[in-house]
Structure formats: C-alpha cells, structure tokens
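Report on the structure given below.
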C-alpha cells in the first residue's frame, strides 16, 4: 500500500536551537525580510522591500509527495467522471490527478489517519477528495467551494506531510507553512485544527492576529514554529519589526481570499508574498470567484489547477433553506423559539461572522441585507456546516432593491422558493427579462 515516509514521526523538532555551532543553513539572522526597527509608517508594509531571489542559491526542497493508491489507479476514466459529476466537481488546468473516494486512498501517514479514524467520518468531502491529491502533488491550486465544505483540512493535512519532508527549523528560521486568513476568528480556528493534527509529529504552530498582546506571539515566533496562521496586518507588523521572516516558507495558503480582498488586505498580501521564495507551493481558497480573486491567482500562482465544487456562479449551500421576507421598512419579529433557547442563535457583525464555525447552528437571520450577494452567501454559510442542514431568514427592503436580481440568482441556483414580492422588485428595477 502506498504511503508517505514516516521517517520524521516523533522526531525532536526542537533540535537545532541550542548548539549547532554553525550559521543557520537558510541564511542570516532573523529580520532579513524587513529590517530591524518597528517604526510607524503611513502604509502597512511600507518598510518591506520586494526580495530579489537568486534561484541558483536557494536550497532545494521537496513538494511532490503524492503516491496514487492502487484503488484510485484502477478506476476507469468513466468511473472518475461519474464520481466528479455526482459530487459536482469540475476543474480547469492541466494534469489534475484523479479524486479519491475514501480516506485511506489518500495514503496519509498513520498518525494522521489515526486522528481521522477517531472522528468516524464516512468519506472525504468533495473538496477534500479532489484537493488532497492536488495539494500532495506539489501543484499550485485554487479551491472554490461553499463555506463549511471541509477546506481547512484540504490544505492542512497536505501541509503536515510537506513540513515533515523539509529540513529541521534552525535558530532564526521563520515558518515553513504560512496560512493567511481575513479574521482573528478564522485564524484561531485554523490554528486549533493545525495543533490537533500536527501534535503527533510534534509540529509547533502559532496564531498571529491583531487585538491581542504582541509579546506571546513574538515569543512563539522566536522559539520557532513550522505552521503560522496569521491575519495580514499583524504579520506585516512583525515582518517590518524583524520579529520573523519568511525565508523558509515553501507552503503558502490564502484562506478566504475573496474576503481578504473585500476587507482591503490586497496591498498587505502582496507585500507578504514578495517576501516568499517564488518556487513555493501556493494554495488559494475562496467561496466566490470574482475578477479580483482571479487576478490575484494569476499573479501569485504558477500553472495552477482550479477546482470548483458546485456552480461557479454565485451559489449558496444547498443544505440551507432560504426564506426572504420583503418588508416596507426595517422590521423586527420575535421568534420565541430563539428567545427561550429552543434553537441556537448566531449574532455577529459581517467581519466577525466570516470564519465562525459554530457546530449545530440551525438558523441565521439577516436583519439587514448585506451590500452584496457574496457577503450574503458567507453570512448564511454559518449554518449547515459539515453537510448538515440549516435555515436562513432574510429581511429585504426597498432600500436593497439593487441587490434583488443577484439574490434571485442565488435562490434559483439553490432551488429555493422565491418571494413574489422579490420578483416584482427585480422587475421594477428592470430585471424582468431574466425571469
């Protein structure tokens, strides 16, 4: 049975911090990416300069670890196509490996499989089934899937395999795997998953985000971590102050890339990526595929394969029952089953709601409709996590009229009932021909 080398399991990852007697194998002291002082500047990342990389001088690294399982190899092209159709998986790009259908077909190391087996999952989610072979093969990739689709493990488990095949960290080295996330909440959740799955191979992780004391985060970085999950702003601060560097980063993840762009992080992301060697492996994950995200992929990824799970146009989780109430004005309804705790309640701002992963949330209420349908999809995606079902209530007023056509498209794609008042509102705005 194929598998990945267990040569690194249980190794002492603290090795190399105390008495190696020589300079770090990957160059210089900490801080090469952004200078020493942490002075105040007008624009985040203003002090960072784009690195000029000499590829001939960079240490080589491995990134292709995929070994196709015999069960996967035996499947005919027709079987593969039927599986992809049944899971609504499409791809764009060259040399996309066949998806796996069962967890054992990924041939993860035993210490990863032990954790998976304890969770009693029946099969990989579609994004995992197609994403794992791609990520393990070292390819750059884009994953487009609805919220709650299992994307975190789609990139974290291959990251663990990637890290375990790299040289040990040495004093002054930054992380091997960097995950950029838009919000503190999402970053913390990713860090929890990374710590759980990386524990068996003694990987060290940290979470870097604003709104928390810098001291403990700096100490984590100085001790050395293989996996760093960070929001762009705080990471930029530490890079400028020389508290960490990205010389060792060979596995880069942009999680919820669409949201990071919505929040204005594109300049910081570009500054950060400029500090990472260009032959890295880059994985980008998004729930939507607007032109801004497409441009980012073109700039950062090389010969990438794009995976789509579900429709590429704006689409919501089909396990969510969507109910839209068209009101004359902002209105308030008292739901006694919520008030008295008969069902879970999710109350959050737009910023905080993205990345929240609260189990068994059954209802989401949009009291104010968001500014665009992408945010609507992400809001309602807080329910129906992990292939469960949920219900989203939305109040839609004449002030939201310009969003009516897009909302109807989302509802139709998810086979939802459409309020006649919403249809009328779209017609009044000139969308009659579409319906």
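In UniProt numbering, the protein residues as written are 1 to 435. For each residue, glycine too, the CB sits at the ideal point set by N, CA and C. Quick caveat: nothing in here was measured; it's all calculated off a predicted structure.
- Within its own chain, the residues whose Cβ lies closer than 8 Å to the Cβ of residue 415, once the five positions on either side in sequence are excluded, are 318, listed in chain order.
- For residue 132, the enclosing alpha helix (DSSP H) covers residues 126-136.
- Residue 141 counts as buried, since at least 16 other C-beta atoms from the protein chains shown sit within 10 angstroms of its C-beta.
- Residue pairing for residue 320: DSSP places it in a beta bridge opposite 390.
- With 16 or more other Cβ atoms from the protein chains shown falling within 10 Å of its own Cβ, residue 126 counts as buried.
- Judged by their CB atoms, residue 174 and residue 96 are not nearer to each other than the 8 Å cut-off.
- Between residue 232 and the set 224, 225, 275, the nearest pair of CA atoms involves 275.
- Cβ-Cβ separation between residue 133 and residue 100: approximately 6 Å, consistent with a contact (criterion under 8 Å).
- DSSP lists 141, 253 as the beta-bridge partner residues of residue 283.
- DSSP, reduced to helix, strand and coil, places residue 72 within a helical segment of the structure shown.
- Using a Cβ distance threshold of 8 Å, residue 91 and residue 281 do not count as a contacting pair.
- A direct Cα-Cα distance of roughly 14 Å separates residue 168 from residue 205.
- A direct Cα-Cα distance of roughly 10 Å separates residue 78 from residue 84.
- In this structure, residue 309 sits near residue 145, with a CB-CB distance shorter than 8 Å.
- Shown here, residue 67 sits in coil according to DSSP, grouped into three states, outside any helix or strand.
- Under the DSSP assignment, residue 178 falls in the beta strand (DSSP E) whose first and last residues are 177-180.
- Residue pairing by DSSP puts residue 308 in a beta bridge opposite 90, 144.
- Note: residue 229 is bridge-paired with 179, 207 in the DSSP secondary-structure output.
- Using a Cβ distance threshold of 8 Å, residue 361 and residue 383 count as a contacting pair.
- Closest by C-alpha distance to residue 120, out of 130, 128, 103, is 103.
- In this structure residue 194 is not in contact with residue 209, their Cβ atoms being roughly 14 Å apart against a cut-off of 8 Å.
- If you look at residue 218, you'll find it in the alpha helix (DSSP H) that goes 214-223.
- Non-local beta-carbon contacts of residue 218 in its own chain, meaning distances under 6 Å to residues more than five positions away in sequence, involve 243 in chain order.
- With a cut-off of 8 Å on Cβ pairs, the region 282-290 is in contact with the region 246-265, counting three or more such pairs.
- Residue state for residue 365 is assigned as strand, using DSSP reduced to three classes.
- Residue 106 carries a helical assignment under DSSP once its states are collapsed to helix, strand and coil.
- Here the alpha carbon of residue 368 sits roughly 28 Å from the alpha carbon of residue 151.
- Counting only the Cα atoms, residue 419 lies some 46 Å from residue 177.
- If you draw a straight line from the Cα of residue 67 to the Cα of residue 107, it comes to about 8 Å.
- For the 8 Å CB-CB criterion, residue 137 and residue 64 form a contact.
- In this structure, residue 255 sits away from residue 161, with a CB-CB distance that is not shorter than 8 Å.
- Pairing residue 48 with residue 239 gives a Cβ-Cβ distance under 8 Å.
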